[in-house]
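Student: Residue numbers (my numbering), protein chains in the order written: chain A, 6 to 348; chain B, 6 to 348; chain C, -5 to 617; chain D, -5 to 617.
Have a look at the structure that comes next, please.
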Amino acid sequence: MTAPIYTRADFQTDQEVRWCPGCGDYTILASVQQFLAGLSRNREEFVFISGIGCAARFPYYVNTYGMHSIHGRAPAIASGVAITRPDLSVWVITGDGDALSIGGNHLIHTLRRNVNLTILLFNNQIYGLTKGQYSPTSEIGKTTKSSPFGSIDYPFNPVSLALGAEATFVARTLDMDRSHTQKMLEAAYNHKGSAFIEIYQNCNVFNDKAFIQLTGKEERVHNRIDLEAGKPIVFDDGAKAVVMRGGEAVVVDSNSVDPKAILVHDPTNPNASVAFAVSRLSHGPYGPTPLGIFRDVNRPTYDSEVNAQVAAAKEKLGEGDLAKLIASHGTWTVDPSGNGASA
Amino acid sequence: MTAPIYTRADFQTDQEVRWCPGCGDYTILASVQQFLAGLSRNREEFVFISGIGCAARFPYYVNTYGMHSIHGRAPAIASGVAITRPDLSVWVITGDGDALSIGGNHLIHTLRRNVNLTILLFNNQIYGLTKGQYSPTSEIGKTTKSSPFGSIDYPFNPVSLALGAEATFVARTLDMDRSHTQKMLEAAYNHKGSAFIEIYQNCNVFNDKAFIQLTGKEERVHNRIDLEAGKPIVFDDGAKAVVMRGGEAVVVDSNSVDPKAILVHDPTNPNASVAFAVSRLSHGPYGPTPLGIFRDVNRPTYDSEVNAQVAAAKEKLGEGDLAKLIASHGTWTVDPSGNGASA
Amino acid sequence: MADDIATVDPSSTTTEVLEKVVIRFAGDSGDGMQVAGTRFTDASALFGNDLATLPSFPAEIRAPAGTLPGVSSFQVQIADFDILTAGDEPDCLVAMNPAALKKHIEDLRQGGTLIVNTDTFEERNLAKAGYESNPLDDDSLRGYRVIKVPMDELTKEAVKGSGVSGRSVLRSKNFFALGLLAWLFHRPTEPTIDWARKKFANKPEVAEANVAAFKAGYTFGVATEATKSTFEVKPAALPAGTYTNVNGNTALAWGLIAASQKSGLPLFYGSYPITPASDILHELSRQKNFGVRTFQAEDEIAGVGSAIGAAFAGNLAVTGSSGPGIALKSEAISLAFIAELPLIVINVQRGGPSTGLPTKPEQSDLLFSLYGRHGESPVPVIAAASPSDSFEVAIEAARIALTYMTPVILLSDNSIANGSEPWLLPDIEAIPNIEVDFVKYPNGPDGTFLPYLRDVQTFARPWAIPGTPGLEHRIGGIEKDAITGDVSYDPKNHQLMTDTRAWKVANIANDIPDLSVDGDEDADLVVLGWGSTFGAIRAAARRARLDGRKVATLHLRYLNPMARNLGEVLSSYDKILIPELNTGQLLKLIRAEFLLDAVGLNKVAGEPFKVSEVAEKIMEMTK
Amino acid sequence: MADDIATVDPSSTTTEVLEKVVIRFAGDSGDGMQVAGTRFTDASALFGNDLATLPSFPAEIRAPAGTLPGVSSFQVQIADFDILTAGDEPDCLVAMNPAALKKHIEDLRQGGTLIVNTDTFEERNLAKAGYESNPLDDDSLRGYRVIKVPMDELTKEAVKGSGVSGRSVLRSKNFFALGLLAWLFHRPTEPTIDWARKKFANKPEVAEANVAAFKAGYTFGVATEATKSTFEVKPAALPAGTYTNVNGNTALAWGLIAASQKSGLPLFYGSYPITPASDILHELSRQKNFGVRTFQAEDEIAGVGSAIGAAFAGNLAVTGSSGPGIALKSEAISLAFIAELPLIVINVQRGGPSTGLPTKPEQSDLLFSLYGRHGESPVPVIAAASPSDSFEVAIEAARIALTYMTPVILLSDNSIANGSEPWLLPDIEAIPNIEVDFVKYPNGPDGTFLPYLRDVQTFARPWAIPGTPGLEHRIGGIEKDAITGDVSYDPKNHQLMTDTRAWKVANIANDIPDLSVDGDEDADLVVLGWGSTFGAIRAAARRARLDGRKVATLHLRYLNPMARNLGEVLSSYDKILIPELNTGQLLKLIRAEFLLDAVGLNKVAGEPFKVSEVAEKIMEMTK
Ligand SMILES: Cc1ncc(C[n+]2csc(CCOP(=O)(O)OP(=O)(O)O)c2C)c(N)n1
Ligand SMILES: Cc1ncc(C[n+]2csc(CCOP(=O)(O)OP(=O)(O)O)c2C)c(N)n1
Ligand code: SF4
Ligand code: SF4
Ligand SMILES: [Mg+2]
Ligand SMILES: [Mg+2]
């Protein structure tokens, strides 16, 4: 069988896409469809599982298997798919409310278990679908419908949280930057185990321009820190650099330091400390903010370990024999005469 | 009014303590009671909220206000107490299953919000109450009732997780070491906001000697890394030291490094990166393991911010007037004649 | 007449006086139909009509402009008598684009008035709506009085000079429509103009654009004599007093605040956003000067959990959600029940199961409210009958929770939550206080505190809050000894406690009013309802009576326990009809309890009953 | 006679032959009473008695030795005929310490045999148990046949030389007691000795200590002629075949494996530990060579969530828990229901509400199973009647789930889960296959796949699993179009889908057997039961019949839908009695459905019915 040749259209469905005009979700959808098409992998081998939220409508628009499930539970549902069907490519589509608020627990457990699936978190720093309440990534002081006097909830840094939860692959990208998004998708796809990508996504209706520091023509050069494996971390057209100082990552003027002192990015570092330090460079997209792959390390995946135990048990004990199993706790026999019994 | 003078007995109840003989919970109970007695703070101002588990029976034995609630939800319930009653001292008692498995989400959200309460996580790396299944802190390969072929779940490092969740106070202590426990309790008590203490607790029935590296007469000198604010991190009778290297904390022979290179512990560092790096020195109590306060920084507490908004609103708008409120969306009047109406 | 709008020239246009009229605004989500509807409603309210509204939003997300799923609508019935519903079918439909027309034209009554914005009927929009030919050109609108208006054009013209430009210009077209309707239905114009000026006080150019469009719409009516006759609906003969127009979520929030004031307890609301309950959170979070503390939790479990903590700590504790979220709270409600803590759990019902129809009303959570917990936990349940009733029901829920130390489930639904009606403002002073006595002193021998030593009247256990010296005690979810409150696994004690809890709740029946029948006491048929079907049932019974039928109606506010005289009252009728927006849930309860062969009228279509649907069934049963 | 145990000297001790006897072992948690009970049971099973067991653990944690909460007990009834319960009151009680005596003595029937370990009756233990004076010395045990044995002493003596020393020595005293009982009840000794040697194969000194203690106990009986007469219960006349002694959780787990084999689908079990359901997880996690994949999830929601994912992916997907955990699964079950995915949800019921009585049986989750979800979601519900019945019920749950593409709730309870009975091993070959056809090809026009195009017989929607080319499709929790499966907010479609789902489930009634009455068809009274009350009801009816009463019994395995002929059968009796371990839940359903004035016998005490309790009620109603 030759590998199928797809175009983006093959991954579109007949459903009308129902996001607000201008929503960043459109761009992400296009990036994902294009990426999938480029894989030349049979369409039926993909499964997209989402929770609830604007982002979570995503599976309706991708012509693969999919489930638009319930709020926050997509990682758990996807785990059931991934564990039992290692032949499939399993994707979770979620929002900042879906993944980090109600679904926070499933997220961190899926990451620590390293179940073989990819999680795309569309972070628009707001609850879109329920029409604009602050989310666990909204900034302090944000006034929304449910925080008319300003939010007082200190936000998560999703990358730090994922690293603290023992994630093996953690990346961040931007809706608007389709080529960067596709690079992240590719790395995630090639990663064995749980891959977590935070995608900054503009909600032009309830939280417009939240990412302007990274998308604005003026601003982006100054603020976008591109992490590239094996390369020193510099940005702002080379004017700024990141160095490690006393265990912290700090931004300095490039010409104020020895070029060798500049931190060379290594996502494969088994120790997550540096990745964590790099994640602390920003707490939200309000200044210099790293994009790219923070961490990409290998650890046995949950599904392969489960299935290895099954295989080992079969190997050792042979295929289960039910008649033997039910007799395994000791039996006795009543003979046909009716009331004798022997051990 | 003079401060009350208490002894430990004042914090004991008439309930028979129902843990297995030899359980580490007894020691923790004694430490907490003794600590509370020493505070000379009115007994009625303490509230202990627990979930479900062996550890969670704790409130029955402490003569203060208390609730033995449901599995995993204690941080949420305690938040309701702490937010509405800043006059109280609120404590959460939880286990590794209660806090990190079913209750993981409430834990991380309570920490990021910095609600003013103290969480004592009794980590025995096992589900005690349900008679011995592996927990989210059990080591890989552990055989238990639910993992007869060995656990394949990569465990959390509770300290790393808490740091990734933006905790402002994170510490670790050991059931057996009552004086260390009390030091941690004191620091947590004095911390404004959420204080998280992981307490290694021996379950002698289902997971005996899990902490032997830290408690065994032979082993403990080599493995116990005491973190003390302002002091270089050395252990093993001074033979070993911790240094930061390329953003990672590593253990070295003390005499192999310049004493000035040894990491001086600073829990008040606003940047959590170093604390995180230190937390990565161990992943479970299987070798050199830091005990003490990893992080202790100030951030506005959730309850004070909520109450400040209430106070500010009252200040600005005066005490709410209900008659005005219900008329605030525009009214019209029907006059007594019955069918006239005027705006 | 406000400002400089020309008055209707009485000579050229006749005026029909109507008792009631139903108007539906329909357009794209971006067309401002909810605003138009609300403005029309408020103007009518101020004018003195009785009225009821039924907004309907697109399902979830702003669908692309011009599509069917993107249509948003708002229906209002105005009348010169006290009406009970927003009406079955519109007499007048405003369709701002082809999709709105397509979606709603079927509902317009034959001969009704249709106002269309012709400018949007071009190929792309027609295609998006699924029209193969332009319905304005073919014969399909025969049978309606069609008023074709190039609203885009006229609005653009009107707002010239207001300072608004570009894409924003067309934002005012809802005001154009509103102006035209003001003319058509003889509405006062000041309230709308005033509102626009106030609302957009710091965007004066927007205010002026809206006012200009509004006037243009009005003038368009006058100038073109758009119809042969205009319509007038006189003010209703309502009881004297001051009124406001209120929706259910707002009334519920205000009722909670009232309960807080009347009980002297600070209000705590722990919740997680969900349609259609979120607006309660929004409203309460604004009322901080009433001492209200709102907590947007990480999920529904934390929402109810925080409320349980707040209850333990001595607050008026409330949590709220809709079906999916209530399901998640189930375990914790069970804790509140066994711990006997006062707690209000609001369920604004929507279409189920699962995510179901999130923006549609349904009454399918009744049995779920009664039985949706493991173990024997008969939590009291009460339901609001209408938007304004929500205010009273909230206070009543608080009274029961606080008096009996129990969680109470309060049921509303999407049509109550977002629907509105005139509300005769209550005299705040006259609302009775809710007595709450925190225990202050030991109640047991030797200065001990017995947390389960019950009140002899209410069977409530004492409420001792942290901070009270000498009453330190522990509660929890394991069964407790009936006297000491210590953990108890004793079989007899469990039986006793199970019975006691059930009895405590059943006993609330002695503290709620007997039911009284509305309508014909000597009827053969009684129609029994609960919740938002109230209006449709009463209106249907009225209609049947006009037709000479005898029919009685009964409405339940209390679903658990039910009024003491319910069985007796029901037994006195030959036939019992129970209309519900579910498959027959109250029906099951009534049949099981009284062994009466009641029949159901059931609808699960994400829509309220039409009056005609209930009336027809009544006719059938009273033949 | 195994090894070297002296045989009973027939001359000195008489043997009473009994039809049945009830024995209860009681001691401290550390005394090994569960092991003793299980060994006694297994020996009796191998001997050929019919039997039933009822273990009872201390509530939660190992309480300090010697206290009342620390008492653990195990009751077994053995008989020479087919019995149905573990018996109401013991004929023989073994009390290893004062606390055990205190807790259980009330239950011992007058004249019954009491075996006490006198060595533990010293001051400290007496005080812990709350005895003011030593009951062995005062008059309080009059009325029982008391056998006083210094078991600690004798055990120590016996195990000398076994290699076991120190504190471990006394661990063997349960074997001493067991030996004494083997003598007293003429049990075969080999099975116990063999078991000990096998079990402790790699701790031979422990094995030998246990064997030595066992023999010592036996010899003690022989030597001291501890009682005037010993007892014999002959083998029961059971149907021919091979038997094992099985508890409910194990049988349930094996039934799931059987269903997996019979359907050809791999078994997936997603669960979170909780008493008394955890043992299902434990058992399944051991059976990996059957292709079973178990997933210990982070909580119950993830447990059911993972199972839903596994169902979507084509597995036989199962989740299990007890009340508090089932409550948490409610929202997700609702998703499985609307998405129409096959899923088994096991609820091993325990005492509620909230944490309640975690180690006690109760049937209070029936209405919760039927109505414990928001929206209209009538999930099928079936219940096991006994430990061995759990095997069949598990297969049946799978059959319904897979055939009808629906979640199914399977109810068990703590007494079934941990109780055991002899089970005639089924012929595996004879168990029918469960047909599962994954769709392979498009079923719609133009090669499209219509995920809701239903089977005309079962009304099940097609199951197309990921990996199947051409059938890519999306499902979810929002209402779906009846044909295309696209999201639909259409009112008529929602009505249709609500009705269709209800009808699909109701239609299962055509695929389950009619009920047949047990007992007197011409009786006036029928006793209707479900779940674990099966044995007590049948036994009570038997007892009543011995007393000359006519009584019929009916047992429901299917709670939703119920057997088609249920109404008819029930109507043919004058009186209907429904005994339940709740406040009357099936009772409500029957009354609502059939308007029959059934009455309940209800008990919520964390204990199964005594046969006498049900029999008494039957007597009263058949007077
Ligand atoms: C159990 C449950 N709780 C609450 C909701 C309501 N709800 C739906 S989506 C959502 C949050 C959406 O935010 P996010 O995940 O950030 O997605 P976005 O809409 O911003 O893409 C909420 C609260 C629900 N559907 N189910
Ligand atoms: C909702 C719910 N799920 C599961 C349980 C069962 N359960 C009780 S405690 C526990 C885990 C206890 O482990 P941990 O928190 O580590 O406490 P420990 O007993 O070890 O102190 C579980 C699974 C429960 N009571 N409620
Ligand atoms: S509300 Fe925001 S996130 Fe949702 S579709 Fe609209 S723009 Fe996108
Ligand atoms: S089971 Fe373990 S944790 Fe629980 S009381 Fe016993 S020793 Fe302690
Ligand atoms: Mg969002
Ligand atoms: Mg534990």
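Even for Gly, the Cβ is constructed at its ideal location relative to N, Cα and C.
Just so it is clear, the structure is predicted and the values come from calculations on it, not from any experiment.
(1) Nearest to A:P160 by alpha carbon, out of A:V120, A:G146, A:L322, A:S151?
(2) Does the Cβ of C:L540 have 16 or more other Cβ atoms within 10 Å, making it buried, or fewer, making it exposed?
(3) Going residue by residue through the segment 293 to 331 of chain C, where are the continuous alpha helix (DSSP H) segments of at least 4 residues, counting only ones entirely within it?
(4) Rounded to the nearest angstrom, how far is the Cβ of C:A234 from that of B:D340, given a contact under 8 Å?
(5) Note the first and the last residue of the continuous alpha helix (DSSP H) segment covering A:A8.
(6) Chain A partners of D:Y237, CB-CB under 9 Å?
(7) In terms of residues, what are the limits of the alpha helix (DSSP H) holding C:W248?
(8) Can you give the Cα-Cα distance for C:N111 and C:L130, rounded to whole angstroms?
(9) Are the segment 410 to 425 of chain C and the segment 323 to 333 of chain C touching, with three or more C-beta to C-beta distances below 8 Å?
(10) Going along the chain, which residues of the segment 296 to 321 of chain B sit with their C-beta nearer than 8 Å to a C-beta in chain A?
(11) Using three-state DSSP, classify B:Y132 as helix, strand or coil.
(12) Under the three-state reduction of DSSP, which class applies to C:N196: helix, strand or coil?
(13) Can you tell me whether D:W189 is helix, strand or coil according to DSSP?
(14) Looking at B:D101 and ligand 7, is the gap between the Cβ and the nearest heavy atom below 6 Å?
(15) Closer than 6 Å: is that where the CB of B:V22 sits relative to any heavy atom of ligand 4?
(16) Closer than 7 Å, Cβ to any Cβ of chain D: which residues of the segment 316 to 337 of chain C, in chain order?
(17) Beta-carbon within less than 6 Å of D:I389's beta-carbon, same chain only, minus the 5 sequence neighbours each way: which residues are those?
(18) With respect to 6 Å, is the separation between the Cβ of B:N129 and the closest non-hydrogen atom of ligand 6 below this value?
(19) Could you work out which residue in C:N596, C:K150, C:T400, C:S166 is closest to C:L310 when comparing CA atoms only?
(20) Ligand 3 and A:V210: does the residue's C-beta get closer than 6 Å to at least one heavy atom of that ligand?
(21) Could you tell me whether the Cβ of D:D293 comes closer than 7 Å to any Cβ of chain C?
(22) Name the DSSP beta bridge partners of D:E226, please?
(23) In angstroms, rounded to a whole number, what distance separates the CA positions of D:L246 and D:P49?
(24) Could you tell me which of D:D36, D:L361, D:K282 sits nearest to D:A321, measuring between CA atoms?
(25) D:G470 lies in the alpha helix (DSSP H); which residues open and close that run?
(26) Taking the C-alpha atoms as reference points, what is the distance between B:F384 and B:G133?
(27) Give a yes or no on contact between the segment 64 to 78 of chain A and the segment 48 to 56 of chain A, applying the rule of three or more CB pairs nearer than 8 Å.
Tutor: Taking the structure as given:
(1) Measuring from the Cα of A:P160, the nearest candidate turns out to be A:G146.
(2) Answer is exposed; the Cβ neighbour count stays below 16.
(3) Counting only runs of 4 or more, we get 294 to 306.
(4) Yes, C:A234 and B:D340 are in contact; Cβ-Cβ is about 6 Å, under 8 Å.
(5) Per DSSP, A:A8 belongs to no alpha helix (DSSP H) and is neither H nor E.
(6) Within chain A, the residues near D:Y237 are T336, W337, T338, V339, A346.
(7) Element bounds for C:W248: 242 to 257.
(8) For C:N111 and C:L130, the distance between alpha carbons rounds to 10 Å.
(9) No, because fewer than three Cβ pairs between the segment 410 to 425 of chain C and the segment 323 to 333 of chain C fall closer than 8 Å, the two stretches do not touch.
(10) Per Cβ criterion, the list reads R304, P305, Y307, E310, V311, Q314, A317, A318.
(11) Strand, per DSSP.
(12) Under the three-state reduction of DSSP output, C:N196 falls in the coil class, being neither helix nor strand.
(13) Note: D:W189 maps to helix in three-state DSSP.
(14) This structure simply doesn't include ligand 7; it includes ligand 1, ligand 2, ligand 3, ligand 4, ligand 5 and ligand 6 instead.
(15) Flag unset: Cβ of B:V22 not near ligand 4.
(16) Residues passing the 7 Å Cβ filter: G317, P318, I320, A321, L322, S324, E325, S328, L329, F331, I332.
(17) Excluding sequence neighbours, D:I389 sits near G249, A252, A253.
(18) With a cut-off of 6 Å, the C-beta of B:N129 is classified as near ligand 6, since at least one heavy atom of the ligand falls inside that distance.
(19) Measuring from the Cα of C:L310, the nearest candidate turns out to be C:T400.
(20) Yes, since a heavy atom of ligand 3 falls inside the 6 Å radius drawn around the Cβ of A:V210.
(21) It does not; no Cβ of chain C falls within 7 Å.
(22) Residue pairing by DSSP places D:E226 opposite D:V11 in a beta bridge.
(23) Rounded to the nearest angstrom, the two C-alpha atoms are 18 Å apart.
(24) Taking each of D:D36, D:L361, D:K282 in turn and checking the Cα distance to D:A321, the smallest one comes out for D:L361.
(25) First-last for D:G470: 468 to 470, but that is the beta strand (DSSP E), not the alpha helix (DSSP H).
(26) The first residue shown for chain B is 6 and the last is 348, placing residue 384 of chain B beyond what the model contains.
(27) With the cut-off at 8 Å, the segment 64 to 78 of chain A and the segment 48 to 56 of chain A touch.
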